[in-house]
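S.K.: The sequence shown begins at 789 in the numbering used here and counts up one residue at a time. Beta carbons: idealized from backbone N, C-alpha and C, even for Gly. Since the model is a prediction, treat every value here as computed from it, not as a measurement.
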Amino acid sequence: MAFSLISTAGMLLLNAISHLANSNLRYAIYNGVASVGAGVVTAIIIAIIVKLKDYLFGRKTLFRIEYAGGCIAFDVSFYAKAEIDDFQKQLRRAKDSAEETATIKTVAVETPVQAPTQSSVPDDLRKYADLLKEGLISQEEYDAMKKKILGL
789 MAFSLISTAG MLLLNAISHL ANSNLRYAIY NGVASVGAGV VTAIIIAIIV
839 KLKDYLFGRK TLFRIEYAGG CIAFDVSFYA KAEIDDFQKQ LRRAKDSAEE
889 TATIKTVAVE TPVQAPTQSS VPDDLRKYAD LLKEGLISQE EYDAMKKKIL
939 GL
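#1: Drop a sphere of 10 angstroms on the beta-carbon of Y916, count the other beta-carbons inside from all chains shown, and report buried for 16 or more, exposed for fewer.
#2: How would you write the range of the alpha helix (DSSP H) that A932 sits in, first residue to last?
#3: Compute the Euclidean distance between the alpha carbons of E888 and A868, then round it to the nearest angstrom.
#4: Please classify G858: does DSSP put it in a helix, a strand, or coil?
#5: Pull up the distance between the alpha-carbon of A886 and that of Y855, whole angstroms please.
#6: Taking only the alpha-carbon atoms, compute the straight-line gap between G858 and R880 and give it to the nearest angstrom.
#7: Cutting at 6 Å between CB atoms, please list the residues of its own chain near E929, excluding the five before and the five after it.
#8: Is the Cβ-Cβ distance between L913 and K934 less than 9 Å?
#9: Which value, in whole angstroms, describes the spacing of the CA atoms of L938 and G923?
#10: Residue range of the alpha helix (DSSP H) that K924 falls in?
#11: Can you tell me which residues form a DSSP beta bridge with R852?
#12: Am I right that Q927 and L919 are in contact with their C-beta atoms under 8 Å? What's the rounded C-beta distance?
#13: Helix, strand or coil for Y867 per DSSP?
#14: Measuring only the C-alpha atoms, how far is D874 from I832?
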């Protein structure tokens, strides 16, 4: 009976050691898998942060001017804010001036200046003859205008 008690106790001890070893092995495996998983997640998070940093700091703030022949762009990080504001004001003034000039030219084209009408010699003579008949000019004035019109 003593032997069976020792063997039973030994079996229990072996069983406990075996269970403990299996438990430690499982713990070690789970811990290893968890560590690898945590490492992968950490690596992914670091990669995302690096890409985000490259995107945010790699961007250039540009001041862009487009015109009919293309465009001009400036990296504004080299200039002070006051310089940029002054440049924008000057650019707006130049644009407003150009628009105003274009408006003036458009108005000038739409309303052509009328040239003085050239009246014919007979029309001028009739006009002064009518003034003479109405008594608004004298015979001497009529004769003077007649000579002037005829180029005498």
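M.R.: Reading off the structure:
#1: Walking along the sequence shown from the start, residue 916 turns up at place 128. Result: buried.
#2: Position 144 of the sequence shown, counting from 1, holds the residue named residue 932. Q927 to L938 is the extent of the alpha helix (DSSP H) around A932.
#3: Within the sequence shown, numbered from 1, the residue matching residue 888 stands at position 100. Within the sequence shown, numbered from 1, the residue matching residue 868 stands at position 80. Each residue's Cα considered, the two are about 30 Å apart.
#4: Along the sequence shown, one-based indexing puts residue 858 at 70. Strand at G858.
#5: Here residue 886 is taken as the residue at index 98 of the sequence shown, counted from 1. Here residue 855 is taken as the residue at index 67 of the sequence shown, counted from 1. Computed Cα separation, rounded: 13 Å.
#6: The residue given as residue 858 occupies position 70 in the sequence shown. The residue given as residue 880 occupies position 92 in the sequence shown. Cα to Cα, the separation comes out at about 19 Å.
#7: Position 141 of the sequence shown, counted from the start, is the residue given in the question as residue 929. Around E929: no qualifying Cβ.
#8: Position 125 of the sequence shown, counted from the first residue, corresponds to residue 913. Position 146 of the sequence shown, counted from the first residue, corresponds to residue 934. Contact: yes.
#9: If you number the sequence shown from 1, residue 938 lands on position 150. If you number the sequence shown from 1, residue 923 lands on position 135. Distance between the alpha carbons of L938 and G923: 22 Å.
#10: To locate residue 924, count along the sequence shown from 1; it is residue 136. A quick correction: the sequence has Leu, not Lys, at residue 924. That residue, L924, is in no alpha helix (DSSP H); it is neither H nor E in DSSP.
#11: Numbered from its first residue, the sequence shown carries residue 852 at position 64. Per DSSP, A861.
#12: Within the sequence shown, numbered from 1, the residue matching residue 927 stands at position 139. Within the sequence shown, numbered from 1, the residue matching residue 919 stands at position 131. Actually they do not touch by this definition, with Cβ atoms about 11 Å apart.
#13: By 1-based counting over the sequence shown, the position of residue 867 is 79. If DSSP states are grouped into helix, strand and coil, Y867 belongs with coil.
#14: For this step, residue 874 is matched to residue 86 along the sequence shown. For this step, residue 832 is matched to residue 44 along the sequence shown. Their backbone Cα atoms lie some 45 Å apart in a straight line.
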